[in-house]
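Following: one structure in structure tokens, then a few remarks.
Numbering (my numbering), first residue to last: 655 to 748.
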């Protein structure tokens with residue numbers, strides 16, 4: 655990610671924290687968060703619809719979703735995380 659986007663980094667971490675709070679309050683489960691994020695990712699990467707943007711654009715749109723998926727996985731395991739670790743893992747997996 656471009657280092658000129660620290661506000662987005664903060665936003666992703668804030669959303670991850672809200673997701674964890676919702677889980678801890680019993681409003682949703684980690685699995686439900688994962689399913690919702692996977693559905694969003696699939697919408698972005700859906701091959702069945704005509705490609706109106708470049709693949710790099712699709713990957714860029716999917717990036718924050720993947721960050722949140724990894725944050726959810728880490729929270730489910732009780733692990734702490736920071737943005738750089740999550741971003742590195744997204745890059746490794748894609």
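In this text, a Cβ means the ideal position worked out from N, Cα and C, and glycines have one as well.
Just so we're clear, the structure is a prediction, and the values are computed from it rather than from any experiment.
What's the call for residue i, buried or exposed, on a 16-neighbour Cβ count within 10 Å?
{"i": "residue 675", "result": "exposed"}
{"i": "residue 718", "result": "buried"}
{"i": "residue 768", "result": "Residue numbering for the chain in the displayed model covers 655 to 748; residue 768 lies beyond these limits and cannot be assessed."}
{"i": "residue 707", "result": "exposed"}
{"i": "residue 665", "result": "exposed"}
Between residue i and the rest of its own chain, which residues show a CB-CB distance below 6 Å, the 5 nearest in sequence each way excluded?
{"i": "residue 682", "result": "676"}
With a cut-off of 8 Å on the beta carbons, I'd call residue i and residue j a contact; round off their distance for me.
{"i": "residue 735", "j": "residue 663", "result": "Actually they do not touch by this definition, with Cβ atoms about 12 Å apart."}
Would you call the region 684-692 in contact with the region 720-737, where contact means no fewer than 3 C-beta pairs closer than 8 Å?
yes
Does the region 660-673 touch the region 716-723, meaning 3 or more C-beta pairs lie closer than 8 Å?
yes
Mind listing, in chain order, the continuous alpha helix (DSSP H) runs of no fewer than 4 residues lying wholly within the region 704-734?
709-730
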